[in-house]
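A short write-up of the structure that comes next.
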Amino acid sequence: MSVHITAFGVISSLGVGIDKSTDVLFSAIPPELSSYEKSDGSQAPVRRISYDLPMLDKRFSKYECRNNRIASAILKQIEISVKAAMDKYGPKEVAVVAGSSTSGLDKTEKAFKYYKTNGNHPDDYNFETQHSMGSLSEFIAKKVGAEGPAYTISTACSSAAKAMISAADLIKSGVCKAVITGGVDTLCDLTVNGFSSLGQLSEGRLNSLSKNRSGLNIGEGGALFLFTAENIENIENLNLVFKGGGESMDAYHISAPHPEGLGAKLSMERALKDCSLVPAQISYINLHGTATKANDAMESKAVNDVFGSVLCSSTKSFTGHCLGASGAVEAAICCLSLNDELLRLPPHIFDGEYDEDIELLEIVKNEETLKPEFFKNGYIYFLSNSFAFGGNNCSIIIEKKRAS
Amino acid sequence: MSSVFKISDWSARSKGLDSKLLFEKWLKEGTRVLDDDGVKYVPGCKELKPAVRRRATLLSKLVIDSFYEITIKDGGDLSNEAMVFASKNGEIEILDNLLNQMYQGEELSPMDFCNSVHHTPTGYLSMATLNRGISKTVSAGNNTFAAGLLEAAVIIERKKSDSVYLLVSDLMVPESLGEVLTPDPFAYGMAILLEEADGMDKNSFSIDDIKELFYTDSDVFDFLKRHI
Numbered sequence: 001m002s003v004h005i006t007a008f009g010v011i012s013s014l015g016v017g018i019d020k021s022t023d024v025l026f027s028a029i030p031p032e033l034s035s036y037e038k039s040d041g042s043q044a045p046v047r048r049i050s051y052d053l054p055m056l057d058k059r060f061s062k063y064e065c066r067n068n069r070i071a072s073a074i075l076k077q078i079e080i081s082v083k084a085a086m087d088k089y090g091p092k093e094v095a096v097v098a099g100s101s102t103s104g105l106d107k108t109e110k111a112f113k114y115y116k117t118n119g120n121h122p123d124d125y126n127f128e129t130q131h132s133m134g135s136l137s138e139f140i141a142k143k144v145g146a147e148g149p150a151y152t153i154s155t156a157c158s159s160a161a162k163a164m165i166s167a168a169d170l171i172k173s174g175v176c177k178a179v180i181t182g183g184v185d186t187l188c189d190l191t192v193n194g195f196s197s198l199g200q201l202s203e204g205r206l207n208s209l210s211k212n213r214s215g216l217n218i219g220e221g222g223a224l225f226l227f228t229a230e231n232i233e234n235i236e237n238l239n240l241v242f243k244g245g246g247e248s249m250d251a252y253h254i255s256a257p258h259p260e261g262l263g264a265k266l267s268m269e270r271a272l273k274d275c276s277l278v279p280a281q282i283s284y285i286n287l288h289g290t291a292t293k294a295n296d297a298m299e300s301k302a303v304n305d306v307f308g309s310v311l312c313s314s315t316k317s318f319t320g321h322c323l324g325a326s327g328a329v330e331a332a333i334c335c336l337s338l339n340d341e342l343l344r345l346p347p348h349i350f351d352g353e354y355d356e357d358i359e360l361l362e363i364v365k366n367e368e369t370l371k372p373e374f375f376k377n378g379y380i381y382f383l384s385n386s387f388a389f390g391g392n393n394c395s396i397i398i399e400k401k402r403a404s
Numbered sequence: 405m406s407s408v409f410k411i412s413d414w415s416a417r418s419k420g421l422d423s424k425l426l427f428e429k430w431l432k433e434g435t436r437v438l439d440d441d442g443v444k445y446v447p448g449c450k451e452l453k454p455a456v457r458r459r460a461t462l463l464s465k466l467v468i469d470s471f472y473e474i475t476i477k478d479g480g481d482l483s484n485e486a487m488v489f490a491s492k493n494g495e496i497e498i499l500d501n502l503l504n505q506m507y508q509g510e511e512l513s514p515m516d517f518c519n520s521v522h523h524t525p526t527g528y529l530s531m532a533t534l535n536r537g538i539s540k541t542v543s544a545g546n547n548t549f550a551a552g553l554l555e556a557a558v559i560i561e562r563k564k565s566d567s568v569y570l571l572v573s574d575l576m577v578p579e580s581l582g583e584v585l586t587p588d589p590f591a592y593g594m595a596i597l598l599e600e601a602d603g604m605d606k607n608s609f610s611i612d613d614i615k616e617l618f619y620t621d622s623d624v625f626d627f628l629k630r631h632i
């Protein structure tokens with residue numbers, strides 16, 4: 001059974017929506033970095049959404065937080081398709097499984113400070129419907145009127161990718177006919193200062209695979225997908241399928257990845273097995289590519305061990321590391337590349353000084369397009385990696401039906 | 405959606421209820437012997453290596469101690485088990501610590517930050533057992549247990565594993581973080597072994613039964629009482 005990607009929407013520092021994101025991505029010029037003031041007064045370069053996010057409708061005021069505003073703005077991009085799915089299947093057959101690592105944390109931070117100063121919380125603060133991880137999925141369900149199961153997957157940087165696997169499994173096992181899935185995360189003091197305390201924030205642009213790489217730019221944003229059990233009438237068929245995915249644990253360390261990439265290899269191998277594919281059928285890999293010393297070293301080894309030669313790139317130089325939403329934002333990037341009329345692949349933007357101490361990957365150059373041999377059988381497959389704290393790994397595969 | 409499921413084994417921990425026997429007595433009779441000493445209960449986790457035990461969070465220890473009670477007797481290989489962790493609020497005490505550190509103008513503790521992610525217990529458990537299997541973490545407010553049970557059942561239904569360890573744990577929410585309208589009775593950790601049942605009987609349940617939980621006020625304690 002195929003899980004159809006019937007619609008998707010995205011917001012990140014690339015911009016709002018598929019068209020804008022496509023234009024900026026293939027311009028090969030990442031947007032200007034924004035600044036975020038850390039607790040010590042110094043500035044961290046981040047990837048902020050520059051779009052002015054409107055407050056939620058009064059009916060949803062108890063869910064009001066930046067994370068849910070981002071979700072609301074993305075839902076607007078897919079609302080016609082979501083309505084069509086609701087009309088076709090009925091609300092109880094539409095579930096929501098989204099990923100997040102921050103939820104409304106930025107609002108909690110402000111409420112906490114207020115409490116410490118005043119002894120009570122602000123009137124507009126609600127722990128259960130704004131802070132809690134479950135808030136994202138609950139809000140999405142209430143906003144669209146979905147009445148199937150609604151829950152959030154929260155495994156730090158692999159949250160959204162895992163949510164998408166769960167969503168597909170719900171459809172494949174007959175639990176429901178449609179799922180709104182993906183992920184959303186928001187810039188906040190805790191994540192910026194937290195990664196700073198680990199020495200993992202870059203002082204400049206994220207520079208994955210470079211010998212000069214020095215860590216992350218934290219980003220914010222999200223992508224939401226409508227997965228359905230079949231194509232929906234009167235909705236344009238994107239010919240995109242969520243083929244499947246693989247998951248694994250490193251069993252190594254609470255924050256550092258296994259240096260040999262054992263868990264990363266396992267999640268990619270399991271993804272291939274889940275999709276009944278062989279490595280040679282993958283034409284592009286969107287790397288986790290966070291530009292930390294440890295991640296890039298182990299991921300380059302793991303990719304080479306499993307695939308040998310395959311075109312790949314880290315798009316976090318454009319979007320920053322959107323943490324719990326990164327799997328969704330990068331899946332959206334895969335989808336817009338798969339749908340690109342010019343067959344362009346997401347370029348790997350860095351300073352050009354490949355780290356000779358790590359394994360060599362075949363990186364996507366600016367304006368590089370899909371190789372013709374990948375059209376032979378009419379299907380194209382992209383794989384996207386997401387690796388998280390606790391050694392929690394996930395690799396997903398997206399299929400595009402395309403004759404030429 | 406043809407599978408039917410059963411709870412093959414389970415255990416849980418809380419203050420005054422530090423074994424399956426005592427927890428089951430509380431579930432069935434409501435009895436709990438509690439020392440009102442103001443001391444937080446931290447399970448011993450004697451099976452953990454000292455280096456892991458030292459770093460593991462309270463939430464992790466509540467889950468791990470329960471998990472070991474139902475697996476230690478097997479003495480088997482735990483390297484490829486499927487696990488689902490269900491927690492409404494995750495590492496809420498560590499978050500409180502971190503927010504306090506920021507409020508006081510202190511540099512954040514790197515260890516606290518690493519331990520603050522929602523799924524932290526799954527990391528420590530995988531390190532302790534060398535488990536490299538599937539691991540999911542869910543949160544859904546008062547439907548958190550239902551979501552965890554659904555995830556676990558679907559893993560079995562999709563034949564990704566014959567069994568799933570469903571781990572459930574929550575701490576009390578510190579006052580500084582806000583009000584909870586329907587708080588848990590206490591901080592607790594639980595491990596449940598879910599497997600496919602041979603057929604429908606009074607203790608087994610289907611995916612449709614699990615879906616129904618999303619529309620009721622049933623929590624993990626109600627569910628356990630009805631299915632063990």
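Note that the protein sequences, when read in sequence, are chains A and B. Here the working numbering is used: position 228 in the first sequence is 228, and no number is missing along the way. So the mapping is simple: the working numbering equals the position in the second sequence, first residue as 1, plus 404. Just so you know, even glycine gets a beta-carbon here, dropped at the ideal spot from N, CA and C.
Does DSSP classify A/V97 as helix, strand or coil?
Counted from its first residue, the first sequence places residue 97 of chain A at position 97. The answer is strand: DSSP assigns A/V97 an E or B state.
Member of A/K38, A/G204, A/A141 and A/F307 whose CA lies at the smallest distance from the CA of A/L75:
Here residue 75 of chain A refers to the residue found at position 75 of the first sequence. The shortest C-alpha separation from A/L75 is found at A/A141.
Anything in the stretch 241-260 of chain A with a Cβ closer than 8 angstroms to a Cβ of chain B? List those residues in chain order, please.
Going along the stretch 241-260 of chain A in chain order, one finds E247, S248, M249, D250, A251, Y252, H253, I254 and S255 with a Cβ nearer than 8 angstroms to chain B.
Give the DSSP-derived three-state secondary structure of A/S39 in the structure shown.
Along the first sequence, read from residue 1 onward, the residue named residue 39 of chain A stands at position 39. Coil.
Since B/K410 sits in a beta bridge, which residues does DSSP pair it with?
Sequence index remark: in the second sequence, residue 410 of chain B carries index 6 (1-based). Bridge pairing for B/K410: B/E599 [DSSP].
Give the straight-line distance between the Cα atoms of A/I11 and A/I333, rounded to the nearest whole angstrom.
Here residue 11 of chain A refers to the residue found at position 11 of the first sequence. Here residue 333 of chain A refers to the residue found at position 333 of the first sequence. Each residue's alpha carbon lies about 11 angstroms from the other.
Can you pull the chain A residues whose beta carbon is under 8 angstroms from the beta carbon of B/C518, in chain order?
Within the second sequence, numbered from 1, the residue matching residue 518 of chain B stands at position 114. Neighbours of B/C518 on chain A, chain order: L198, I254, S255 and F389.
Using DSSP with H/G/I as helix, E/B as strand and the rest coil, what is A/G104?
For the purposes of this step, residue 104 of chain A is taken as the residue at position 104 of the first sequence. DSSP places A/G104 in coil when its eight states are reduced to three.
Please confirm whether A/K58 and A/N126 have their CB atoms less than 8 angstroms apart.
Counted from its first residue, the first sequence places residue 58 of chain A at position 58. Counted from its first residue, the first sequence places residue 126 of chain A at position 126. Remark: C-beta atoms of A/K58 and A/N126 do not approach each other more closely than 8 angstroms.
For A/N304, which residues in the same chain have their Cβ closer than 6 angstroms to its Cβ, ignoring the five residues on either side in sequence?
Here the question's residue 304 of chain A lines up with position 304 in the first sequence. Once the five neighbours on either side are set aside, the close Cβ partners of A/N304 are E359.
Between B/P454 and chain A, is any beta-carbon pair separated by less than 8 angstroms?
On the second sequence, residue 454 of chain B is found 50 positions in, with the first residue counted as 1. So no, B/P454 is outside the interface.
If distances are taken between C-alpha atoms only, which option among A/L198, A/S314, A/N377 and A/G204 comes closest to A/T290?
To locate residue 290 of chain A, count along the first sequence from 1; it is residue 290. Residue nearest to A/T290 within the set A/L198, A/S314, A/N377 and A/G204 is A/S314 (criterion: CA-CA distance).
Let me confirm a value: A/D274 is counted as buried when at least 16 other C-beta atoms fall within 10 Å, else exposed. Which label applies?
Within the first sequence, numbered from 1, the residue matching residue 274 of chain A stands at position 274. The residue in question, A/D274, is buried, as its Cβ has 16 or more Cβ neighbours within 10 Å.
Are three or more beta carbon pairs between the stretch 156-170 of chain A and the stretch 554-573 of chain B nearer than 8 angstroms?
Because the criterion of three Cβ pairs below 8 angstroms is met, the stretch 156-170 of chain A and the stretch 554-573 of chain B touch.
Relative to the alpha-carbon of A/E79, which residue among A/E128, A/R47, A/D23 and A/A146 has its alpha-carbon at the smallest distance?
As a position in the first sequence, residue 79 of chain A is number 79, starting the count at 1. Measuring from the Cα of A/E79, the nearest candidate turns out to be A/A146.
Mind checking whether A/F387 and A/A264 have CB atoms under 8 angstroms apart?
As a first step, residue 387 of chain A must be located in the first sequence, where it is residue number 387. As a first step, residue 264 of chain A must be located in the first sequence, where it is residue number 264. For A/F387 and A/A264, yes; Cβs fall inside 8 angstroms.
Tell me whether the beta-carbon of A/G324 lies closer than 8 angstroms to the beta-carbon of A/C394.
The sequence position of residue 324 of chain A within the first sequence is 324, counting from 1. The sequence position of residue 394 of chain A within the first sequence is 394, counting from 1. In this structure, A/G324 lies away from A/C394, with their beta-carbon atoms at least 8 angstroms apart.
Does chain A have any CB closer than 8 angstroms to the CB of B/N547?
Locating residue 547 of chain B in the second sequence gives position 143, where the first residue counts as 1. For B/N547, the answer is yes, since a Cβ of chain A falls inside 8 angstroms of its Cβ.
What residue does the alpha helix (DSSP H) around B/T526 start on, and which one ends it?
Translated into the one-based positions of the second sequence, residue 526 of chain B becomes position 122. Annotation for B/T526: the continuous alpha helix (DSSP H) segment containing it runs T524 to T533.
Could you tell me which chain A residues have their CB closer than 8 angstroms to the CB of B/V542, listed as they occur along the chain?
As a working note, residue 542 of chain B is residue 138 in the second sequence. At a beta-carbon threshold of 8 angstroms, the residues of chain A lying near B/V542 are Y151, T152, I153 and S154, ordered along the chain.
Considering only C-alpha positions, which residue in the set B/E583, B/L438, B/S470 and B/K453 is nearest to A/H121?
Stepping through the first sequence from its first residue, residue 121 of chain A is reached at position 121. The candidate whose alpha carbon is nearest that of A/H121 is B/E583.
Considering just the uninterrupted stretch of the alpha helix (DSSP H) at B/D469, what are its terminal residues?
Taking the second sequence and counting its residues from 1, the one referred to as residue 469 of chain B is at position 65. Counting along the chain, the alpha helix (DSSP H) containing B/D469 begins and ends at L462 to T475.
Rounded C-alpha distance that separates B/K429 from B/D516:
As a first step, residue 429 of chain B must be located in the second sequence, where it is residue number 25. As a first step, residue 516 of chain B must be located in the second sequence, where it is residue number 112. Rounded to the nearest angstrom, the two C-alpha atoms are 35 angstroms apart.
Partner residues on chain B for A/S173, Cβ-Cβ distance less than 9 angstroms
As a working note, residue 173 of chain A is residue 173 in the first sequence. Those are M405, S407, A557, V558, E561, R562 and I611, listed as they occur along chain B.
Looking at C-alpha atoms only, which residue of A/F350, A/R344, A/I349 and A/N385 is the closest neighbour of A/E368?
Residue numbering aside, residue 368 of chain A sits at position 368 when the first sequence is read from its first letter. Taking A/E368 as reference, the option from A/F350, A/R344, A/I349 and A/N385 with the minimal CA-CA separation is A/R344.
Please name the residue in B/L502, B/D422 and B/Q505 whose C-alpha comes closest to that of B/Y472.
Mapped onto the second sequence, residue 472 of chain B falls at position 68. Answer by Cα proximity: B/D422.
Buried versus exposed call for B/A455 [16 or more other C-beta atoms within 10 Å across all chains shown]
The residue you call residue 455 of chain B lines up with position 51 of the second sequence. With fewer than 16 other Cβ atoms from the protein chains shown falling within 10 Å of its own Cβ, B/A455 counts as exposed.
Scan the stretch 296-379 of chain A and note each continuous alpha helix (DSSP H) run of 4 residues or more that stays entirely inside, going in chain order.
Entirely contained in the stretch 296-379 of chain A, the alpha helix (DSSP H) runs reaching 4 residues are, in chain order, 316-319 and 326-338.
Residues in the same chain with beta-carbon distance under 8 angstroms from A/A73, minus the five sequence neighbours each way, listed in chain order, please.
Here the question's residue 73 of chain A lines up with position 73 in the first sequence. Only I11, V16, Y51, L53 and P54 meet the Cβ criterion.
For A/F227 and chain B, any beta-carbon pair shorter than 8 angstroms?
As a working mapping, residue 227 of chain A is identified with position 227 in the first sequence. Taking 8 angstroms as the CB threshold, A/F227 stays off the interface with chain B.
Please report whether the beta-carbon of B/G593 lies at a distance below 8 angstroms from any beta-carbon of chain A.
Here residue 593 of chain B refers to the residue found at position 189 of the second sequence. B/G593 does not count as touching chain A.
Report buried or exposed for A/K365, applying the criterion of at least 16 other Cβ atoms within 10 angstroms of its Cβ.
Stepping through the first sequence from its first residue, residue 365 of chain A is reached at position 365. Classification of A/K365: exposed, given that the 10 Å Cβ count is below 16.
Output the distance between the C-alpha atoms of B/R457 and A/G320, rounded to the nearest integer angstrom.
The residue given as residue 457 of chain B occupies position 53 in the second sequence. The residue given as residue 320 of chain A occupies position 320 in the first sequence. Each residue's Cα considered, the two are about 34 angstroms apart.
Nearest to B/Y592 (by Cα), restricted to the options B/S539, B/R459, B/Y445 and B/L499
Counting from one through the second sequence, the residue named residue 592 of chain B turns up at place 188. The shortest C-alpha separation from B/Y592 is found at B/Y445.
Select from the stretch 447-476 of chain B all residues with a C-beta closer than 8 angstroms to any C-beta belonging to chain A, and list them in chain order.
Those residues of the stretch 447-476 of chain B that come within reach of chain A (Cβ to Cβ, closer than 8 angstroms) are R459.
In three-state DSSP terms, what is A/R205?
In the first sequence, the residue the question calls residue 205 of chain A occupies position 205. DSSP places A/R205 in coil when its eight states are reduced to three.
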